[in-house]
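S.K.: In the numbering used here, the protein residues as written are 25 to 101.
Here's a structure for you.
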């Protein structure tokens, strides 16, 4: 009998997608924070954006690992 994936898997998968999107957005448009929010937390030197990329990469990898673990629990049960 095939089991359905739980809500936790979908939450982790969605968070992975959001973090990956932010990484791609920052790569394509480095000043998006200033453009959307209207202020520059790093006074236009790009440091905040690089920190955001690093944090989002780590979070995306973590959420992807957790989602994979949830998926494997569902498949192997």
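Even for Gly, the Cβ is constructed at its ideal location relative to N, Cα and C.
1. Where residue 99 and residue 34 are concerned, what is the direct C-alpha to C-alpha distance, given to the nearest angstrom?
2. Count the other CB atoms within 10 Å of the CB of residue 84; is the residue buried (16 or more) or exposed (fewer)?
3. Please state the DSSP three-state secondary structure of residue 105.
4. Along the chain, where does the alpha helix (DSSP H) that runs through residue 53 open and close?
5. Does residue 71 come out as helix, strand or coil in the three-state DSSP assignment?
M.R.: Well, looking at it:
1. As a first step, residue 99 is located in the chain shown; it is residue number 75 there, counting from the start. As a first step, residue 34 is located in the chain shown; it is residue number 10 there, counting from the start. Rounded to the nearest angstrom, the two C-alpha atoms are 15 angstroms apart.
2. Taking the chain shown and counting its residues from 1, the one referred to as residue 84 is at position 60. Label assigned to residue 84: buried.
3. Residue 105 cannot be examined here, being either before or after the span of the chain that is shown, 25 to 101.
4. Here the question's residue 53 lines up with position 29 in the chain shown. Counting along the chain, residue 53 falls outside any alpha helix (DSSP H), and DSSP gives it neither H nor E.
5. In the chain shown, the residue the question calls residue 71 occupies position 47. Helix at residue 71.
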